[in-house]
RNA sequence: GGAGGGGUACCCAAGCGGCCAAAGGGGCCAGACUGUAAAUCUGGUGGCUCAGCCUUCGCAGGUUCGAAUCCUGCCCCCUCCA
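Numbering (my numbering), first residue to last: 107 to 500.
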């Protein structure tokens, strides 16, 4: 199969930050029939979010072009813990945890990628078999000085924050993965550039043609500051409920709207121009459209409609949502604090008291001000805590 | 191996015998204002049978009427020297 460079290249380059080196990619396209694209996944975080989506979407583009996608589950490296972007050593995972996590991973991945055309490998397949001798050989390809060039290591080193030896092994092993699957291209977020570069060295060391590096932008999370990540709790999960996705998108700062249109919805330049003026004229509307489209993308049009209605009803009209948990009061009645605690709306009774004192607890719209309030069973009532927690009392 | 510095709540960080459930900042939660945006202002941020009590300042002991604060041992981190 011959690739038509002129047609293929623009598709490859859409929403890509780095393509290093581009010439090598063109060379590969010219002489190879089969292009192997590597993507490594860390099974320590089994919940995929929109940040991953940006990457998966890129892989899908490449898959549609006819490239072979090799999906590597880093079951072995997860036991090390990727130090990328970390200011601390990560906790290492046990074998059981890794196994458990990777199981849920793929149903999310294959929402985007074509299951039939994707090759799945586990890096323990080859890494677990390495001998101490092998490891010495592989690690000799890189130097401490070069390792310390890496941003996060440099920073930690400078600030006297510990770096364990095994963390140096992470990029090395990840690089070995590239050699093991004979990767032509590796795709990942921009924070992976360093690791990908190490891989090139290792491939060369073993006499292989180095991979081309292709990185996509990192997507900021709902806080608008940090990259989307489960550990920062600013993520929008791919499998979250439609209403939650909609709501979370609505809570992103305005400055992020454009980026989401571009990276998640994959609007082309022409459409993005329209989005730009849309945002300028009606930021709320632009965001609502974005939320709608993202729910549609991850669920369905139906779900998007429902999520939008739900949102408007609860947050614009301040009405009660239709689907809320119920709580049955005992005949003799129950203290308000107990109700909040037992129903799980709050995590402790102290929290319940605090919220009541802050007028955050409302019964049928009226603030409850007395923590000794006892509610009896007399018809349906709705309890609201904060902005978004509801409970139907019966 | 030697010398020195350090481990405090979600994070950073003050406190160095009682006035410490522990200053300050960040984050987060809630209230006001809003577009579940931003900005701003206010309050909160261990638990409980809540004007009191219980658990918390690396871990385990000890001194003391009383310890985050003093002593001993242990674990961990950093720096310099070797």
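Built from N, CA and C at the ideal position, the CB exists for glycine as well.
Going by beta carbons, residue 302 and residue 285 fall outside the 7 Å limit. In this structure, the alpha-carbon of residue 207 lies about 7 Å from that of residue 150. Residue range 375-387 is occupied by the alpha helix (DSSP H) that includes residue 375. Boundaries of the alpha helix (DSSP H) around residue 459: 455-463. Here residue 144 is buried: its Cβ has 16 or more other Cβ atoms, across all protein chains shown, within 10 Å. The shortest C-alpha to C-alpha distance from residue 426 to any of 414, 398, 498 is the one to 498. Annotation for residue 430: no alpha helix (DSSP H) segment contains it, and DSSP assigns it neither H nor E. Secondary structure at residue 227: strand, using DSSP grouped into helix, strand and coil. With respect to the C-alpha of residue 109, the residue from 236, 240, 323, 132 having the closest C-alpha is 132. Apart from the 5 residues on each side of it in sequence, residue 184 sits with its Cβ closer than 7 Å to the Cβ of 148, 149, 150, 199, 204 in its chain, given in chain order. For residue 126, the three-state secondary structure derived from DSSP is strand. Cβ-Cβ distances below 6 Å link residue 343 to 153, 155 in the same chain, with the five nearest sequence neighbours on each side left out; the list follows chain order. Collapsing the DSSP output to three states places residue 301 in a helix. With three or more CB-CB distances shorter than 8 Å, the region 117-131 counts as touching the region 291-302.
Counting along the chain, residue 146 sits inside the beta strand (DSSP E) bounded by residues 142-147.
The alpha-carbon of residue 170 is positioned some 13 Å away from that of residue 140. Residue 363 and residue 476 have their C-alpha atoms spaced approximately 42 Å apart.
When secondary structure is reduced to three states using DSSP, residue 295 falls in the strand class.
A straight line joining the alpha-carbon of residue 437 with that of residue 484 spans about 9 Å.
Beta-bridge partners assigned by DSSP to residue 472: 469. With fewer than 16 other Cβ atoms from the protein chains shown falling within 10 Å of its own Cβ, residue 240 counts as exposed. Listed in chain order, the non-local C-beta contacts of residue 354 below 7 Å within the same chain comprise 328, 342, local neighbours out to five positions each way being set aside. Residue environment analysis places residue 390 among the exposed positions, since fewer than 16 neighbouring C-beta atoms fall within 10 angstroms of its C-beta.
In its chain, beyond the 5 residues on either side, 480, 481, 482, 483 have a beta carbon closer than 8 Å to the beta carbon of residue 439. With contact defined as three or more Cβ pairs closer than 8 Å, the region 172-182 and the region 217-228 are in contact. By the C-beta criterion, the region 379-389 is judged not to be in contact with the region 331-350, since fewer than 3 inter-stretch pairs fall below 8 Å. Distance from the CA of residue 130 to the CA of residue 172, rounded to the nearest whole angstrom, comes to 18 Å.
Following the DSSP letters along the chain, one finds residue 489 inside the beta strand (DSSP E) bounded by residues 487-491. The DSSP-derived three-state label of residue 495 is strand. Counting the other CB atoms within 10 Å of its CB gives residue 116 a total below 16, which places it among the exposed residues.
Within its own chain, the residues whose Cβ lies closer than 6 Å to the Cβ of residue 458, once the five positions on either side in sequence are excluded, are 443, 446, 447, 452, listed in chain order.
Ranking 486, 455, 478, 413 by CA distance to the CA of residue 435 puts 486 first. A direct Cα-to-Cα measurement between residue 350 and residue 397 gives close to 10 Å. Rounded to whole angstroms, the gap between the alpha carbons of residue 377 and residue 212 is 32 Å. The beta carbon of residue 450 sits closer than 6 Å to no other beta carbon from its chain once the five residues preceding and following it are set aside.
A check of alpha carbon separations from residue 352 across 408, 466, 291, 473 identifies 408 as the nearest.
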